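J.: All residue numbers for the sequence shown refer to my numbering, where the first residue is 242 and numbers rise by one.
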Amino acid sequence: MTFDYPARRARVAGLLPAHGVHALLVTSPVNVRYLTGLASSNAAVLVRADGGALLVTDNRYIEAARALDVPSEEAADVAGRLAEPGTGIEAASMSVAAYQRLGEGLVPLGPVVEPLRAVKDEAELDRIRTACEITDQAFTDVCPAIAPGMTERELARLLESRMAELGADKPAFDTIVAAGENGAVPHHAPTSRELRAGDLVTMDFGARYDGYHADMTRTVSLGAPAAWQRELYDLVAAAQRAGRHALVPGATAREVDTAARSVIAEAGHGGHFRHGLGHGVGLEIHEEPFLGPARTGRLEDRVPITVEPGVYLPGRGGVRIEDTLVTREGGPELFTKTTKELLVL
242 MTFDYPARRA
252 RVAGLLPAHG
262 VHALLVTSPV
272 NVRYLTGLAS
282 SNAAVLVRAD
292 GGALLVTDNR
302 YIEAARALDV
312 PSEEAADVAG
322 RLAEPGTGIE
332 AASMSVAAYQ
342 RLGEGLVPLG
352 PVVEPLRAVK
362 DEAELDRIRT
372 ACEITDQAFT
382 DVCPAIAPGM
392 TERELARLLE
402 SRMAELGADK
412 PAFDTIVAAG
422 ENGAVPHHAP
432 TSRELRAGDL
442 VTMDFGARYD
452 GYHADMTRTV
462 SLGAPAAWQR
472 ELYDLVAAAQ
482 RAGRHALVPG
492 ATAREVDTAA
502 RSVIAEAGHG
512 GHFRHGLGHG
522 VGLEIHEEPF
532 LGPARTGRLE
542 DRVPITVEPG
552 VYLPGRGGVR
562 IEDTLVTREG
572 GPELFTKTTK
582 ELLVL
């Protein structure tokens with residue numbers, strides 16, 4: 242499946258009159274890629290309300306830009322034309338210095354492209370599905386090698402190298418491996434700490450495929466789990482199920498978060514779940530929408546999103562279980578399909 246970049250730009254153009262501008266200068270690299278297909282560290286696309294567009298980049302990327310379905314020119318040749326009064330800019334991605342250099346007639350705007358990116362077309366979902374398949378398979382392939390004596394860093398490298406062998410562009414983000422007491426830190430960076438018998442080991446990782454991201458977390462037990470570990474795992478699994486079942490178009494982000502969070506709170510661990518329930522995935526690993534207690538937006542159909550409750554006990558360890566799913570009218574479609582039963586290795 243291919244991407245319909247002209248249709249994406251047309252949707253942006255249709256929004257501009259409501260923002261009071263005749264054009265939008267898009268400078269976020271992710272948004273430039275979404276609207277043109279150009280993956281560049283230095284590019285911008287001017288989208289006009291009349292439907293026209295101009296892709297601007299430097300001489301490192303100009304040949305790639307000229308192969309796309311949008312007019313393109315080198316930045317040095319058109320800089321003055323980008324700064325017409327009444328042109329909107331992405332305030333979050335333009336530096337103050339660039340704003341001052343281009344001119345005071347520009348209109349800083351909040352997110353315009355990002356809300357459009359939240360709902361994915363089937364071509365995008367196909368990429369995310371493949372990224373999740375790579376992630377699932379890497380976990381399956383690496384599990385037999387997980388054993389006491391291996392370090393967190395070694396396990397992280399195994400997961401990342403296997404994803405590359407399976408076709409990933411790169412890891413979707415820095416892989417998290419947290420063994421034993423380190424599992425109490427939600428975003429623990431892998432260390433030389435060795436895995437030991439009796440540890441719970443949390444692995445949060447994912448593949449990026451053709452620019453699109455997967456995100457999955459599994460917690461396994463090295464040897465038979467202690468009673469408290471099994472109880473904690475079962476609690477998080479129940480919360481995750483509740484969150485998944487609440488993930489339907491029309492639900493608010495807060496309602497989905499509450500569905501999972503209330504399970505943990507009722508068990509007396511509300512203070513040990515210290516982050517939002519999930520986030521959208523796509524060209525970025527963390528993008529709109531976000532699931533949390535203060536998030537009021539309603540979910541739409543075809544939104545890939547994670548559900549990742551966790552309970553973290555300082556000094557003891559923790560459990561997190563995460564899947565990537567997509568909202569569907571008939572109920573969420575699960576993209577990461579690795580078992581959520583507690584694996585005893």
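For each residue, glycine too, the CB sits at the ideal point set by N, CA and C. Since we're looking at a predicted model, the values are computed, not measured.
How about Thr277 and Leu309: do their beta carbons lie closer than 9 Å?
T.: yes
J.: Compute the Euclidean distance between the alpha carbons of Asp382 and Arg536, then round it to the nearest angstrom.
T.: 37 Å
J.: Measure the CB-CB distance between Leu566 and Leu488 and report whether it falls below 9 Å.
T.: yes
J.: Check for me: the beta strand (DSSP E) holding Val288 runs from which residue to which?
T.: Taken as a continuous stretch (DSSP letters only), the beta strand (DSSP E) holding Val288 covers Ala284 to Arg289.
J.: Where do the ends of the alpha helix (DSSP H) carrying Gly551 lie?
T.: Per DSSP, Gly551 belongs to no alpha helix (DSSP H); it is in the beta strand (DSSP E), Gly551 to Leu554.
J.: How long is the line joining the alpha carbons of His486 and His510, rounded to whole angstroms?
T.: Computed Cα separation, rounded: 21 Å.
J.: Nearer than 8 Å: is that true of the beta carbon of Tyr275 relative to any heavy atom of the ligand HEM?
T.: Only the bare structure without any ligand can be found here, which leaves the ligand HEM out of the picture.
J.: Where do the ends of the beta strand (DSSP E) carrying Asp564 lie?
T.: Asp564 to Val567
J.: For the putative contact between Thr443 and Ile417, defined by C-beta atoms under 8 Å, what is the C-beta separation to the nearest angstrom?
T.: 7 Å
J.: For Met444, which residues does DSSP report across the bridge?
T.: Val418 and Arg459, per the DSSP bridge assignment.
J.: Just reading off the alpha helix (DSSP H) that Leu343 is part of, what are its end residues?
T.: Val337 to Leu343
J.: Val585 bridges to which residues according to DSSP?
T.: Ser462
J.: On the DSSP bridge list, what partners appear for Asp493?
T.: Residue 493 is actually Thr in this sequence, not Asp. Looking at the DSSP assignment, Thr493 forms a beta bridge with Arg539.
J.: Using the three-state DSSP reduction, which class does His513 fall into: helix, strand or coil?
T.: helix
J.: From which residue to which residue does the alpha helix (DSSP H) around His486 run?
T.: Ala468 to His486
J.: Measuring straight from C-alpha to C-alpha, what distance separates Val253 and Leu266?
T.: 11 Å
J.: Leaving out five residues on either side along the sequence, give the residues of the same chain with a beta carbon under 6 Å from the beta carbon of Ala396.
T.: Strictly speaking, residue 396 in this sequence is Leu, with Ala absent from that position. Around Leu396: Val418.
J.: Would a C-beta distance cut-off of 9 Å place Ala413 and Leu399 closer than the cut-off?
T.: no
J.: Out of Ile330, Leu586 and Ala483, which has the shortest C-alpha to C-alpha gap to Ala506?
T.: Ala483
J.: Check whether the region 363-372 and the region 447-462 touch, using three or more Cβ-Cβ pairs below 8 Å as the test.
T.: yes
J.: Would you give the residue range spanned by the beta strand (DSSP E) that Phe380 belongs to?
T.: Per DSSP, Phe380 belongs to no beta strand (DSSP E); it is in the alpha helix (DSSP H), Glu363 to Val383.
J.: Are the region 432-441 and the region 524-531 touching by the rule of at least three beta carbon pairs closer than 8 Å?
T.: no
J.: DSSP beta-bridge partners for Pro356?
T.: DSSP output for Pro356 lists no bridge partner at all.
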